[in-house]
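Visitor:
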Amino acid sequence: MGRMLKIRAALYFTIVIIFSILIGCGGGSSNAPLPPPVTTVVVSGVITFDFVPTDSTNGLLYASTIQKPARGIVIEAIKTADSSVLSTTSTDNTGNYTVTIPKNIDIKIRIKAQMLKTGTPFWDFQVVDNTNSQALYAADSVAFNTGTSNVTKSYNLPSGWGGSSYTSTRVAAPFAILDTVYKAKSKITTADNAVHYPQLLINWSLNNIGTPGDATLGQIGTSHYDGTALYILGKADNDTDEYDDHVIAHEWGHYFENKFSRSDSIGGSHSLGDELDPRLAFGEGFGNAFSGMATDDPNYIDTLGAAQGSVGVVMNLADSNGDPSSIGWYSEDSVQYILYALYNNLGFSPLYTVFTTQQKTTNSFTTIYSFIAYLKANNPSAVTTIDSLLSAKNISTTFVNIWDSTETETNNGGDPKALPVYTVVTAGSATVQVCGNDQFDTNGDGNKLMSRRFIVIQIPTTATYTINISPITAGGIPNYTINSVGQLIGSSNNAASVTLTDSGSLTSGVYYGEVFDLRHYQGTTYFVGEVCFNVRIY
Amino acid sequence: MNVTNIKKQYITLVALILMLLSWQNAYSADVVRILHKELSRSGKSTAPIAISYAVPAKTSIGENVQVTVTIKALSDVNEMTLRMTSGDGLIMPSGEYQKNYGKQVRNTAFSETVTVIPNAEGILYLNVFATGTFNGKKMTNAGAVPINTGTVTRKMLKKSGQATTDSKGQKIIIMPAEETKTQQK
Numbered sequence: 014m015g016r017m018l019k020i021r022a023a024l025y026f027t028i029v030i031i032f033s034i035l036i037g038c039g040g041g042s043s044n045a046p047l048p049p050p051v052t053t054v055v056v057s058g059v060i061t062f063d064f065v066p067t068d069s070t071n072g073l074l075y076a077s078t079i080q081k082p083a084r085g086i087v088i089e090a091i092k093t094a095d096s097s098v099l100s101t102t103s104t105d106n107t108g109n110y111t112v113t114i115p116k117n118i119d120i121k122i123r124i125k126a127q128m129l130k131t132g133t134p135f136w137d138f139q140v141v142d143n144t145n146s147q148a149l150y151a152a153d154s155v156a157f158n159t160g161t162s163n164v165t166k167s168y169n170l171p172s173g174w175g176g177s178s179y180t181s182t183r184v185a186a187p188f189a190i191l192d193t194v195y196k197a198k199s200k201i202t203t204a205d206n207a208v209h210y211p212q213l214l215i216n217w218s219l220n221n222i223g224t225p226g227d228a229t230l231g232q233i234g235t236s237h238y239d240g241t242a243l244y245i246l247g248k249a250d251n252d253t254d255e256y257d258d259h260v261i262a263h264e265w266g267h268y269f270e271n272k273f274s275r276s277d278s279i280g281g282s283h284s285l286g287d288e289l290d291p292r293l294a295f296g297e298g299f300g301n302a303f304s305g306m307a308t309d310d311p312n313y314i315d316t317l318g319a320a321q322g323s324v325g326v327v328m329n330l331a332d333s334n335g336d337p338s339s340i341g342w343y344s345e346d347s348v349q350y351i352l353y354a355l356y357n358n359l360g361f362s363p364l365y366t367v368f369t370t371q372q373k374t375t376n377s378f379t380t381i382y383s384f385i386a387y388l389k390a391n392n393p394s395a396v397t398t399i400d401s402l403l404s405a406k407n408i409s410t411t412f413v414n415i416w417d418s419t420e421t422e423t424n425n426g427g428d429p430k431a432l433p434v435y436t437v438v439t440a441g442s443a444t445v446q447v448c449g450n451d452q453f454d455t456n457g458d459g460n461k462l463m464s465r466r467f468i469v470i471q472i473p474t475t476a477t478y479t480i481n482i483s484p485i486t487a488g489g490i491p492n493y494t495i496n497s498v499g500q501l502i503g504s505s506n507n508a509a510s511v512t513l514t515d516s517g518s519l520t521s522g523v524y525y526g527e528v529f530d531l532r533h534y535q536g537t538t539y540f541v542g543e544v545c546f547n548v549r550i551y
Numbered sequence: 267m268n269v270t271n272i273k274k275q276y277i278t279l280v281a282l283i284l285m286l287l288s289w290q291n292a293y294s295a296d297v298v299r300i301l302h303k304e305l306s307r308s309g310k311s312t313a314p315i316a317i318s319y320a321v322p323a324k325t326s327i328g329e330n331v332q333v334t335v336t337i338k339a340l341s342d343v344n345e346m347t348l349r350m351t352s353g354d355g356l357i358m359p360s361g362e363y364q365k366n367y368g369k370q371v372r373n374t375a376f377s378e379t380v381t382v383i384p385n386a387e388g389i390l391y392l393n394v395f396a397t398g399t400f401n402g403k404k405m406t407n408a409g410a411v412p413i414n415t416g417t418v419t420r421k422m423l424k425k426s427g428q429a430t431t432d433s434k435g436q437k438i439i440i441m442p443a444e445e446t447k448t449q450q451k
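If you're matching them up, the sequences are chains A and B in order.
Every letter in the first sequence is one number past the one before it in the numbering used here, and letter 143, counting from 1, is 156.
Every letter in the second sequence is one number past the one before it in the numbering used here, and letter 74, counting from 1, is 340.
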């Protein structure tokens with residue numbers, strides 16, 4: 014009996030030991046905690062969009078469509094049960110995204126036509142539908158279950174082209190626009206990576222058509238920046254611009270100029286070959302030049318027409334020949350050539366510095382003269398290069414200040430009275446003569462060379478002064494503006510052929526302004542001709 | 267005074283007034299407001315050709331509508347042409363219109379009138395393309411003449427996707443993304 018007890022005890026003891034060993038075996042130290050259960054999976058992939066290249070003769074080449082990465086685009090993982098956002102990220106510069114999502118849950122991936130970055134730098138660029146209450150474009154995937162292991166979900170955003178026309182949703186269009194914005198923003202970043210971009214809405218719709226009127230109906234006139242937002246054409250078989258990257262970059266350039274520099278451009282209709290108000294020439298020349306800088310491609314191509322198979326405007330920004338019908342300080346063609354060549358010679362940073370500092374606070378109108386004066390001052394070793402570009406476009410190389418007050422310019426555009434660029438008016442000194450003309454304004458746009466003439470005003474001491482403008486030409490309707498560092502400080506609103514007098518106090522210093530005939534300013538359907546005024550400040 | 271004569275004069279006067287009123291109403295109904303507008307060149311760079319048009323302010327389905335389009339060369343031009351095509355819902359009984367004007371000097375203008383027939387309600391468009399060769403470069407301006415038909419102006423507007431509101435209250439338009447088999451890099 015005792016022996017049996019001993020055997021049972023040993024057996025019992027052995028079982029206990031074995032059981033204890035089995036409990037202790039956990040694949041590691043017998044003291045390590047068990048790993049937590051897996052509750053999330055990684056969903057990742059690459060987002061692309063159909064990119065349709067342009068051709069300088071045949072417009073959009075749909076047969077050559079390629080898929081490009083959608084860069085910097087907002088991605089959301091949406092829980093389909095309640096439409097809540099589980100995770101938000103942005104694609105990287107190769108179009109890749111990654112989100113971590115709870116396992117075994119039904120979601121869809123939402124690709125928003127938005128580039129968003131908070132902090133410094135900051136940007137929020139959105140492509141919205143101006144014919145649908147500025148709703149943001151987005152593309153949703155089909156819903157799927159996240160399962161229990163990591164999953165790859167990649168998506169392409171199609172152009173909608175069916176071979177001879179658009180036959181399905183033009184999903185790619187907003188993302189093609191943002192791809193150009195990405196390039197433009199990246200160019201700015203090469204000079205300044207701490208920019209805070211004000212939010213920009215880019216209005217695009219397949220209803221956006223080349224007639225002015227109600228933008229909520231798509232009647233946007235043409236692709237443009239209106240001082241607040243971009244509007245881009247999208248009407249198939251008339252004119253679409255979503256794939257015309259230089260057009261997009263040109264308009265985005267106006268946004269940049271408006272927010273970070275200063276543009277005194279008076280806007281309005283303009284064409285290559287026009288003799289323009291020099292402020293408009295600089296603004297539009299900059300837009301074209303910037304389109305080449307942003308894309309690093311001098312070939313500006315604007316497609317249009319049936320099946321987008323034609324071109325509207327094609328220009329080579331690096332072509333020194335350009336448009337021979339307008340060469341000089343009043344030509345957007347000349348300005349774009351000079352600025353693009355400066356970019357190739359000096360890089361983007363020197364130009365960016367002038368735009369965002371001195372040009373922004375210049376005590377003159379923003380023209381090629383102000384820009385070049387500052388660029389030369391900042392980059393004395395580049396003066397020879399700069400002067401060669403000015404010479405190529407028949408612009409004075411010897412002007413000593415932002416107003417060319419020493420009257421070095423000799424290119425008068427065909428009318429000797431177009432010079433000097435700024436007429437110097439010294440308070441208390443003799444009367445000066447200023448003449449305007451609408452001979453360059455074939456269509457009555459009011460924004461051409463000599464529609465308004467510039468004056469630079471020297472005020473020796475702080476006092477109250479009177480400006481007196483009297484018509485020399487019978488019927489002349491005199492008007493003026495006076496400005497200081499981009500601010501309007503005095504102007505008239507005269508509609509009569511009278512001697513105009515106006516008084517106000519001015520601090521000693523230099524001011525600049527305009528003198529013009531009301532009819533030249535407004536533009537008319539008939540030619541008014543030359544109108545001259547005597548101008549005196551006392 | 268003869269009462270019968272007074273009555274006759276009164277009736278004649280009333281009839282005359284009524285006749286005048288009906289003539290005035292008929293005249294108002296026959297007067298059609300014509301819109302004269304120029305297509306915008308304020309924005310991206312354009313060819314130096316201005317396009318303007320005249321079109322009735324309002325039209326009806328099935329109506330013969332006369333549209334006059336004027337193009338003006340703003341610079342000396344070679345091979346100036348005008349082409350007009352119909353947009354959705356618009357019929358051009360004589361087909362697409364095209365005319366060549368050859369070489370022209372600055373400030374020369376031409377006007378052409380075409381007949382179009384609206385076949386749908388809403389804002390329909392006549393596509394206009396003005397082309398010219400300027401200093402050896404061929405350039406085209408595109409525009410569109412609006413033909414305002416019927417009373418529902420938004421009827422011809424196309425949609426890009428499904429409009430909705432997301433969880434944050436932002437208006438969004440949902441379009442379909444196509445899954446691919448692209449491998450993540």
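We put the beta carbon where it would ideally sit given N, CA and C, even for glycine.
CA-CA distance, A:N358 and A:T366?
Guide: So the alpha carbons of these two residues sit roughly 15 angstroms apart.
Visitor: Against B:Q436, what residues of chain A qualify as contacts under a CB-to-CB distance less than 9 angstroms, listed in chain order?
Guide: Neighbours of B:Q436 on chain A, chain order: A148 and L149.
Visitor: Identify which residue in A:D105, A:K92, A:F157 and A:I385 has its Cα closest to the Cα of A:V59.
Guide: Ranking the options by Cα distance to A:V59, first place goes to A:D105.
Visitor: Compare the beta carbon distance of A:A151 and A:A186 with 8 angstroms and say whether it is the shorter of the two.
Guide: Contact: no.
Visitor: Hey, is B:F376's beta-carbon within less than 8 angstroms of any beta-carbon in chain A?
Guide: Answer no: the Cβ-Cβ gap between B:F376 and chain A never drops below 8 angstroms.
Visitor: Looking at A:G325: is its Cβ nearer than 8 angstroms to the Cβ of B:A313?
Guide: Taking 8 angstroms as the Cβ cut-off, A:G325 and B:A313 qualify as a contacting pair.
Visitor: In whole angstroms, give me the CA-to-CA distance for A:S304 and A:T479.
Guide: Their Cα atoms are separated by approximately 45 angstroms.
Visitor: Using only alpha-carbon positions, find the residue among A:G85, A:N456 and A:D332 that is nearest to B:A316.
Guide: Nearest option by C-alpha distance: A:N456.
Visitor: Between A:A83 and A:G108, what straight-line distance do the alpha-carbon atoms span, to the nearest angstrom?
Guide: Computed Cα separation, rounded: 5 angstroms.
Visitor: Going along the chain, which unbroken runs of the beta strand (DSSP E) with 3 or more residues stay wholly within the region 449 to 505 of chain A?
Guide: Whole beta strand (DSSP E) segments, 3+ residues: 466 to 472, 476 to 484, 491 to 497 and 500 to 504.
Visitor: Using a Cβ-Cβ cutoff of 8 angstroms, what residues of the region 407 to 436 of chain B are near chain A? List them in chain order.
Guide: Cβ contacts with chain A: N407, A408, G409, A410, V411, P412, T419, R420, L423, K424, K425, S426, G427, A429, D432, S433, K434 and Q436.
Visitor: Counting only Cβ pairs nearer than 7 angstroms, list the residues of chain A close to B:L340.
Guide: Ordered by position in chain A, the residues that pass the 7 angstroms Cβ test against B:L340 are S284, T455 and N456.
Visitor: So, under 8 angstroms CB-CB, A:D451 and A:P433 are touching, yes? Tell me the CB distance rounded to an integer number of Å.
Guide: Actually they do not touch by this definition, with Cβ atoms about 20 angstroms apart.
Visitor: Verify the contact flag: A:N109, CB atom, against every heavy atom of the ligand GDP, threshold strictly below 7 angstroms.
Guide: Among the ligands in the structure shown, none appear at all, so the ligand GDP cannot be discussed.
Visitor: Along the chain, which unbroken stretches of the alpha helix (DSSP H) at least 4 residues long are found entirely within the region 44 to 109 of chain A?
Guide: Here no run is fully enclosed.
Visitor: Using a Cβ-Cβ cut-off of less than 7 angstroms, list which residues of the region 158 to 191 of chain A approach chain B; keep chain order.
Guide: Answer in chain order: T165, K166, S167, Y168, N169, L170, P171, T182, R183 and V184.
Visitor: From what residue to what residue does the alpha helix (DSSP H) around A:G305 run?
Guide: Element bounds for A:G305: P291 to T308.
Visitor: Which residue marks the beginning of the beta strand (DSSP E) containing B:Q428, and which one marks its end?
Guide: Run containing B:Q428: Q428 to T431, per the beta strand (DSSP E) assignment.
Visitor: I need the straight-line Cα distance from A:Y539 to A:D458, nearest angstrom please.
Guide: Distance between the alpha carbons of A:Y539 and A:D458 is about 11 angstroms.
Visitor: So, for A:H533: in the same chain, excluding its five sequence neighbours on each side, which residues have a beta-carbon less than 8 angstroms away from its beta-carbon?
Guide: Excluding residues within five positions, the ones whose Cβ falls inside 8 angstroms are G449, N450, D451, D454, G459, M463, S464, R465, V541 and V544.
Visitor: Is B:A323 close to chain A? Criterion is C-beta to C-beta, closer than 8 angstroms.
Guide: No, its Cβ sits nowhere closer than 8 angstroms to a Cβ of chain A.
Visitor: Report, in whole angstroms, the separation of the C-beta atoms of A:I408 and A:S377, which I expect to be a contact under 8 angstroms.
Guide: Incorrect: roughly 16 angstroms between the Cβ atoms, too far for contact.
Visitor: Expressed to the nearest angstrom, what Euclidean distance is found between the alpha-carbon atoms of A:K442 and A:A476?
Guide: What sits at residue 442 of chain A in the sequence shown is Ser, not Lys. Near 15 angstroms, if we compare the C-alpha coordinates of A:A476 and A:S442.
Visitor: Is A:H533 helix, strand or coil when you go by DSSP?
Guide: It is helical.
Visitor: Taking the DSSP output, what are the residues bridged to A:D515?
Guide: Its beta-bridge partners are A:I480.
Visitor: Would a check of beta-carbon distances place A:Q372 closer than 8 angstroms to chain B?
Guide: No, A:Q372 does not count as interfacial toward chain B.
Visitor: So, using beta-carbon positions, are B:G388 and B:K421 closer together than 8 angstroms?
Guide: Yes; because the gap between Cβ atoms is below 8 angstroms, this pair is in contact.
Visitor: What is the rounded straight-line gap between the Cα of B:I357 and the Cα of A:I222?
Guide: Approximately 19 angstroms, taken between the alpha carbons.
Visitor: Answer yes or no: do B:N230 and B:I327 have a C-beta to C-beta separation smaller than 8 angstroms?
Guide: The requested residue 230 of chain B does not occur in the structure, where chain B is confined to residues 267 to 451.
Visitor: Under a three-way DSSP split, which group does A:D576 fall into?
Guide: Outside the modelled stretch of chain A, which goes from 14 to 551, sits residue 576 of chain A, for which no answer is possible.
Visitor: Would you kindly report the start and end of the unbroken beta strand (DSSP E) that includes B:G435?
Guide: Per DSSP, B:G435 belongs to no beta strand (DSSP E) and is neither H nor E.
Visitor: Using 8 angstroms as the Cβ pair cut-off and three pairs as the minimum, do the region 332 to 339 of chain A and the region 371 to 389 of chain A touch?
Guide: Because the criterion of three Cβ pairs below 8 angstroms is not met, the region 332 to 339 of chain A and the region 371 to 389 of chain A do not touch.
Visitor: Under 8 angstroms, Cβ to Cβ, is there at least one residue of chain B near A:H533?
Guide: Not one chain B Cβ lies under 8 angstroms of A:H533.
Visitor: Return the residues of the region 290 to 314 of chain A that lie within a Cβ-Cβ distance of less than 9 angstroms from chain B, sorted by chain order.
Guide: Within the region 290 to 314 of chain A, the qualifying residues are E297, G300, N301 and Y313.
Visitor: What residues of chain B sit near A:N271, judged by a beta carbon separation below 7 angstroms?
Guide: Neighbours of A:N271 on chain B: none; closest Cβ ~14 angstroms, over 7 angstroms.
Visitor: Comparing the C-beta of A:Q500 with each C-beta of chain B, is any distance below 8 angstroms?
Guide: Taking Cβ atoms only, chain B never reaches closer than 8 angstroms to A:Q500, which makes this a no.
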